[in-house]
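Enquirer: The structure follows.
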Amino acid sequence: MDMAKIGPGIAGGNNRQTLTDEDGEGRRLFQSWCEDAGLTMAVDKMGTMFMTRPGTDPDALPVYVGSHLDTQPTGGKYDGVLGVLAGLELVRSMNDLGIKTKHPIVVTNWANEEGARFAPAMLASGVFAGIHTLDYAYGRKDMDGKTYGDELQRIGWVGEEPVGARKMHAYFEYHIEQGPILEAENKQIGVVTHGQGLWWLEFTLTGKEAHTGSTPMPMRVNAGLAMARIMEAVQTIAMANQPGSVAGVGQVKFSPNSRNVLPGTVVFTVDLRSPDQGKLDRMRAEIEAKAAEIAASLGVGCSVEAVGHFDPVAFDPTLVARVRAAAEKLGYSHMDIISGAGHDACWTNKVAPSTMVMCPCVGGLSHNEAEEISKEWAAAGADVLFHAVVETAEIVQ
Ligand code: GLV
Ligand code: MN
Ligand code: MN
992 MDMAKIGPGI
1002 AGGNNRQTLT
1012 DEDGEGRRLF
1022 QSWCEDAGLT
1032 MAVDKMGTMF
1042 MTRPGTDPDA
1052 LPVYVGSHLD
1062 TQPTGGKYDG
1072 VLGVLAGLEL
1082 VRSMNDLGIK
1092 TKHPIVVTNW
1102 ANEEGARFAP
1112 AMLASGVFAG
1122 IHTLDYAYGR
1132 KDMDGKTYGD
1142 ELQRIGWVGE
1152 EPVGARKMHA
1162 YFEYHIEQGP
1172 ILEAENKQIG
1182 VVTHGQGLWW
1192 LEFTLTGKEA
1202 HTGSTPMPMR
1212 VNAGLAMARI
1222 MEAVQTIAMA
1232 NQPGSVAGVG
1242 QVKFSPNSRN
1252 VLPGTVVFTV
1262 DLRSPDQGKL
1272 DRMRAEIEAK
1282 AAEIAASLGV
1292 GCSVEAVGHF
1302 DPVAFDPTLV
1312 ARVRAAAEKL
1322 GYSHMDIISG
1332 AGHDACWTNK
1342 VAPSTMVMCP
1352 CVGGLSHNEA
1362 EEISKEWAAA
1372 GADVLFHAVV
1382 ETAEIVQ
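With this note's numbering, you'll find the sequence shown wraps up at 1388, consecutive numbering, no jumps.
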């Protein structure tokens, strides 16, 4: 709740978008809490924060636990934040109980998980895992044309450490489900076995700016109409790829966006996802082909750029089993689940054994300021996280 005071939204949630002043303030608060718990900070060149609790073996690689503190423009209080602060709580509990581990524990706040301001999502963990270059990440622009590199500098969080230089023994991420399954099934814990894959496509449609009153219908080259028809096609294609697949349009920019001008340019994004690789790639191909056909039929130019992508993910079976065993041992009801959302764990899984723990959220609602969880749900997931992490880090008597 203290973190949620920083970057308040307009309806009880948060607007603490990546590399805003509020992001900087949230980072400083998290840093102070971590330092009070005895953790030492390192920051990499993407601005990711690594807060270390030492282990007893100087050669043992750390166990990482984290998520993200950045939010959507109308984000909830728990998406990402729960996982970061559960990592801190885990360390505080270890301190209280006098637990020492062979492996260090590193609580991590990944930069730009959301991808709301700078696409793609999970940008810093993507550079960490070698998916993107640092130059690519620094050059990503927000809707106002500001770059990631300049904004990171502006808020004062460019670290010294080369991105991806550190190696991980394991990575754990605790997150709200962001979907309705656990609550509907009355389960306290989601044991996350897989994550669904994703494509983010950015379309640019080029029509002809013209007067909406005096231009006869047959003379119009209407980029807005093309956008509307493509949006309908996205829905139809997703429905034809059930069960499990999803696709939708979340962002549209009309230019000049004036009520009595037919738009000359429309830029809009499609987010399509599936746990099935075949469906994921087929939907992308179908959407691109249909968009080209619709645009051509209206005389509108159409180009597309893929601005985000990852394939479906299978998390590390040993760590998944450890999470399941912890839930079982502690007596929490649990079920295996596929993550519908993207998470930094999806990228760390490329370079280190990774997995996730999930707790329910009310009505499955997320990316909404009304996002809600109960204290009991939050605590059960943190408890499972604690046991799985400490076991992986190996207690030293
Ligand atoms: C991250 O929030 C995502 O879009 O899944
Ligand atoms: Mn998240
Ligand atoms: Mn999110």
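The beta-carbon is built from N, C-alpha and C at its ideal position, and this holds for glycine as well.
The structure presented is a predicted model; accordingly, all values stated were derived computationally and were not measured.
From the DSSP output, in three-state form, read off Gln1242 for me.
Expert: Gln1242: strand per DSSP, three-state reduction.
Enquirer: On the criterion of 16 or more Cβ atoms from any shown chain inside 10 Å, does Ala1175 qualify as buried, or is it exposed?
Expert: Exposed, by the Cβ-count rule.
Enquirer: For ligand 1, enumerate in chain order all residues having a CB closer than 5 angstroms to any of its heavy atoms.
Expert: Cβ atoms closer than 5 angstroms to ligand 1 belong to Ala1112, Ala1332, Gly1333.
Enquirer: Run through DSSP, which three-state label would Glu1193 get?
Expert: Three-state result, Glu1193: strand.
Enquirer: Restricting to runs no shorter than 3 residues, where is the beta strand (DSSP E) found entirely within the stretch 1015–1093?
Expert: Correct list: 1031–1034, 1040–1044, 1054–1058.
Enquirer: If you follow the alpha helix (DSSP H) that Tyr1162 is in, where does it begin and where does it stop?
Expert: No alpha helix (DSSP H) contains Tyr1162, which is instead part of the beta strand (DSSP E) from 1161–1167.
Enquirer: Does any residue of chain B have a CB that is nearer than 8 angstroms to the CB of Ile1090?
Expert: Here chain B cannot be found, since the structure has a single protein chain.
Enquirer: Which residues share a DSSP beta bridge with Cys1293?
Expert: Bridge partners of Cys1293: Leu1196.
Enquirer: Just checking my contact of Pro1266 with Asp1307 at CB under 8 angstroms: how many whole Å lie between their CB atoms?
Expert: The Cβ separation is near 17 angstroms, so there is no contact.
Enquirer: Exposed or buried, which one is Val1257 when buried takes at least 16 other CB atoms within 10 Å?
Expert: Classification of Val1257: buried, given that the 10 Å Cβ count is 16 or more.
Enquirer: Using 8 angstroms for Cβ pairs, my map puts Gly1204 next to Asn1251. What's the rounded Cβ distance?
Expert: Contact holds; Cβ gap of about 6 angstroms.
Enquirer: Under a three-way DSSP split, which group does Ser979 fall into?
Expert: The structure shown does not extend to residue 979, since the chain is modelled only from 992 to 1388, so the question has no answer here.
Enquirer: In angstroms with no decimal places, state the Cα-to-Cα distance between Ala1280 and Gly1269.
Expert: Approximately 16 angstroms between the Cα atoms of the pair.
Enquirer: Tell me whether Ser1058 is buried or exposed, calling it buried when 16 or more other Cβ atoms sit within 10 Å of its Cβ.
Expert: The residue is buried, with at least 16 neighbouring Cβ atoms inside 10 Å.
Enquirer: Could you check if Pro1111 is buried or exposed, using at least 16 other CB atoms within 10 Å of its CB as the buried criterion?
Expert: The residue in question, Pro1111, is buried, as its Cβ has 16 or more Cβ neighbours within 10 Å.
Enquirer: Mind listing which residues have their beta carbon within less than 5 angstroms of any non-hydrogen atom of ligand 2? Chain order is fine.
Expert: Those residues, listed in chain order, are Asp1070, Gly1071.
Enquirer: Counting pairs of Cβ atoms below 8 angstroms between the stretch 1158–1165 and the stretch 1333–1340, do you hit three or more?
Expert: The stretch 1158–1165, when compared against the stretch 1333–1340, does touch it at the 8 angstroms Cβ threshold.
Enquirer: In terms of residues, what are the limits of the alpha helix (DSSP H) holding Met1230?
Expert: 1214–1230 is the extent of the alpha helix (DSSP H) around Met1230.
Enquirer: Measure the Cβ-Cβ separation of Leu1192 and Val1295 and say whether it is below 8 angstroms.
Expert: Contact flag set, yes.
Enquirer: Identify, in the order they occur along the chain, each residue of the same chain with its Cβ nearer than 7 angstroms to the Cβ of Gly1015, setting aside the five sequence neighbours on each side.
Expert: Cβ within range, chain order: Ile1146, Gly1147, Trp1148.
Enquirer: When DSSP labels each residue in this structure, what does Ser1116 get in the three-state scheme?
Expert: Three-state result, Ser1116: helix.
Enquirer: Let's see if you can read the secondary structure: which residues bound the alpha helix (DSSP H) around Ser1357?
Expert: Taken as a continuous stretch (DSSP letters only), Ser1357 belongs to no alpha helix (DSSP H), as it is neither H nor E.
Enquirer: Count the other CB atoms within 10 Å of the CB of Val1291; is the residue buried (16 or more) or exposed (fewer)?
Expert: Flag for Val1291 reads buried.
Enquirer: What is the residue span of the alpha helix (DSSP H) that Ile1278 lies within?
Expert: Note, Ile1278: alpha helix (DSSP H), 1268–1288.
Enquirer: How is Arg1211 classed by DSSP in three states: helix, strand or coil?
Expert: Three-state result, Arg1211: coil.
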